[in-house]
Amino acid sequence: MLESELIIFDCDGVLVDTEPLTNRVLARCVSAVGWEVDQAYSITHFKGRNLDDILIDVEAKLGKKLPGLMDEYRRQMYIEIHEFGVPALGGIHELLDALDAMGDQAPHRCIGTNAPLEKARLTLGGSGLIDRFEHRDGSDRQTMFSAYEVGKWKPDPGLFLHVAAAMGHEPEACIVVEDSTAGVIAAVAAGMRVIGLADLTPVDDLAKAGATQIVESHHELVAEFNLSQ
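Counting in my numbering, the sequence shown runs from 984 upward without gaps.
The structure is reproduced here in structure tokens:
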């Protein structure tokens, strides 16, 4: 059984299934400027990383500055999110239901994402998840945190350390749920236990990054947290 005072969920690829859409758009934008990559390459090499760092890689590969690349990516990404929407990850509502059923014994929960809060709220709102984190029980306490607030992006541990402090918990009392190697590395560096969600990221990559445990679905997390009835 895993015990914690605070569970920190990544957003993209953990709560909402945005990774296929965002990496398809990113691959299309990168290919349009001269580096032919596909969705699979983007998932393997870009997923979970800061866009500024990705831009550095693309500019180095092509040997030229591309000041408008990420603005164009964001433009196309938001268009597709609005047009197609993004679903919640399978099993996440059941996991949150099980946590809610613990009542006062449930660990606190929040979100720590590399994405801007605008994007997180858009995708969480469309998938019915935002109210499961923000304004729960009528509270105005902040429960969504972005690397853009802190100025530190995974794999830097700064975001997770900020989240733990803001939520009033020591790092060692926190468990992070992450689907990217960058997120796992950040959580480990912050001194937190981390569960790797092996959806699009290979199990071996999550293990090498330092994941405490690895699961393939949120249904498995219900068992790991001993929440099944």
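Note that CB positions come from ideal geometry on N, CA and C, so glycine has one too.
Report all residues from its chain with a CB closer than 7 Å to the CB of residue i; omit the five preceding and five following residues, and keep chain order.
| i | result |
| --- | --- |
| residue 1167 | 1161, 1177, 1179, 1189, 1192, 1193 and 1194 |
| residue 1078 | 1201, 1204 and 1205 |
| residue 1010 | 1020, 1021, 1022, 1024 and 1025 |
| residue 1060 | 1005 and 1008 |
Figure out for me which residue from the options has the closest Cα to the Cα of residue i.
| i | options | result |
| --- | --- | --- |
| residue 1066 | 1165, 997 and 1105 | 1105 |
| residue 1027 | 1153, 1165 and 1203 | 1165 |
| residue 1071 | 1201, 1000 and 1198 | 1000 |
| residue 1102 | 989, 1005 and 1202 | 1005 |
| residue 1044 | 1078, 1016, 1184 and 1081 | 1016 |
| residue 1098 | 1079, 1083 and 1057 | 1057 |
| residue 1032 | 1100, 1182 and 1096 | 1096 |
| residue 1091 | 1114, 1011, 1151 and 1063 | 1151 |
| residue 1086 | 1172, 1187, 1011 and 1119 | 1119 |
| residue 1185 | 989, 1030, 993 and 1141 | 1030 |
| residue 1171 | 1009, 1134 and 1139 | 1139 |
| residue 1135 | 1062, 1047 and 1169 | 1169 |
| residue 1083 | 1173, 1047 and 1116 | 1116 |
| residue 1127 | 1121, 1137, 1062 and 1107 | 1107 |
Can you give me the Cβ contacts of residue i inside the same chain, cut-off strictly under 6 Å, excluding the 5 residues immediately before and after it?
| i | result |
| --- | --- |
| residue 1053 | 1034 and 1038 |
| residue 1109 | 1068 |
| residue 1196 | 1178 |
| residue 1202 | 1074 |
| residue 1131 | 1099 |
| residue 1212 | For residue 1212, the pLDDT reaches just 48, beneath the cut-off of 50, and the residue's location in the model is therefore unreliable, although a value from the coordinates is still provided. Nothing listed; no residue qualifies. |
| residue 1173 | 1140, 1143, 1144 and 1154 |
| residue 1137 | 1097, 1165, 1166 and 1169 |
Tell me which same chain residues have a C-beta within less than 8 Å of the C-beta of residue i, skipping the five on either side of it?
| i | result |
| --- | --- |
| residue 1175 | 991, 1143, 1147, 1154, 1155, 1157, 1158 and 1159 |
| residue 1041 | 1013, 1016, 1018, 1049 and 1052 |
| residue 1198 | 1178, 1179, 1180, 1181, 1204 and 1207 |
What do you reckon, are the CB atoms on residue i and residue j nearer than 9 Å?
| i | j | result |
| --- | --- | --- |
| residue 1007 | residue 987 | no |
| residue 1200 | residue 996 | no |
| residue 1050 | residue 1022 | no |
| residue 1111 | residue 1076 | yes |
| residue 1064 | residue 998 | no |
| residue 1163 | residue 993 | yes |
| residue 1125 | residue 1149 | yes |
Using the three-state DSSP reduction, which class does residue i fall into: helix, strand or coil?
| i | result |
| --- | --- |
| residue 1012 | helix |
| residue 1200 | coil |
| residue 1003 | helix |
| residue 1181 | coil |
| residue 1065 | helix |
| residue 1121 | helix |
| residue 997 | coil |
| residue 1078 | helix |
| residue 1173 | coil |
| residue 1017 | coil |
| residue 1096 | strand |
| residue 989 | strand |
| residue 1084 | coil |
Is any heavy atom in the ligand MG found nearer than 8 Å to the beta carbon of residue i?
| i | result |
| --- | --- |
| residue 993 | Looking for the ligand MG in the displayed structure turns up nothing, as the structure carries no ligands at all. |
Whole beta strand (DSSP E) elements within the stretch 1105-1170, 3-residue minimum = 1127-1129 and 1157-1161
task = Jot down the residue ranges of each uninterrupted alpha helix (DSSP H) in the stretch 1032-1062, minimum 4 residues, whole runs only, in chain order.
result = 1034-1045
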